[in-house]
Amino acid sequence: KKRTVTSYDTQTSLYLKSVFFEVYSQQAKLTKEQRVKVQEKTGLPSRNITYWFSNHKRRFQNTLKIYRKAVRESEGEVKSYNDFIQWRQSHGLPDQVTQKEV
95 KKRTVTSYDT QTSLYLKSVF FEVYSQQAKL TKEQRVKVQE KTGLPSRNIT YWFSNHKRRF
155 QNTLKIYRKA VRESEGEVKS YNDFIQWRQS HGLPDQVTQK EV
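For what it's worth, my numbering labels the leading residue of the sequence shown as 95, then goes sequentially.
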């Protein structure tokens, strides 16, 4: 049996990404309460949320380091993932972190 790739709609993906950066910039993992909140907001099963965060912790490892650095250096300007994107744009950087930045 082949596994199928699960893709979420754009709104759900953006929400998961924003929660990911806000949570993982402060702590090592999602708490049960946070997972329940994400579950209520997205309608996804708890297991899918756990796997999504686990996979993306590995995938966004370098971006997370740059996000944390931006939060520190922005003097309160960067408080969320959306702020991070806007901050990058205002500094002439692409929305996504490139390999050269790592």
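We put the CB at the ideal spot given by N, CA and C, even for glycine.
- In this structure the region 149 to 163 lies against the region 106 to 116, because at least three pairs of beta carbons, one per stretch, are closer than 8 Å.
- With a beta-carbon spacing of about 6 Å, isoleucine 143 and arginine 129 fall inside the 8 Å limit used to define contacts.
- Between the alpha carbons of lysine 123 and glutamine 183 lies a gap of roughly 28 Å.
- Apart from sequence neighbours up to five positions away, the residues of its chain that approach alanine 164 with a beta-carbon distance below 7 Å are Val172, Phe178, Trp181, ordered along the chain.
- Judged by DSSP in its simplified three-state form, threonine 98 adopts coil rather than helix or strand.
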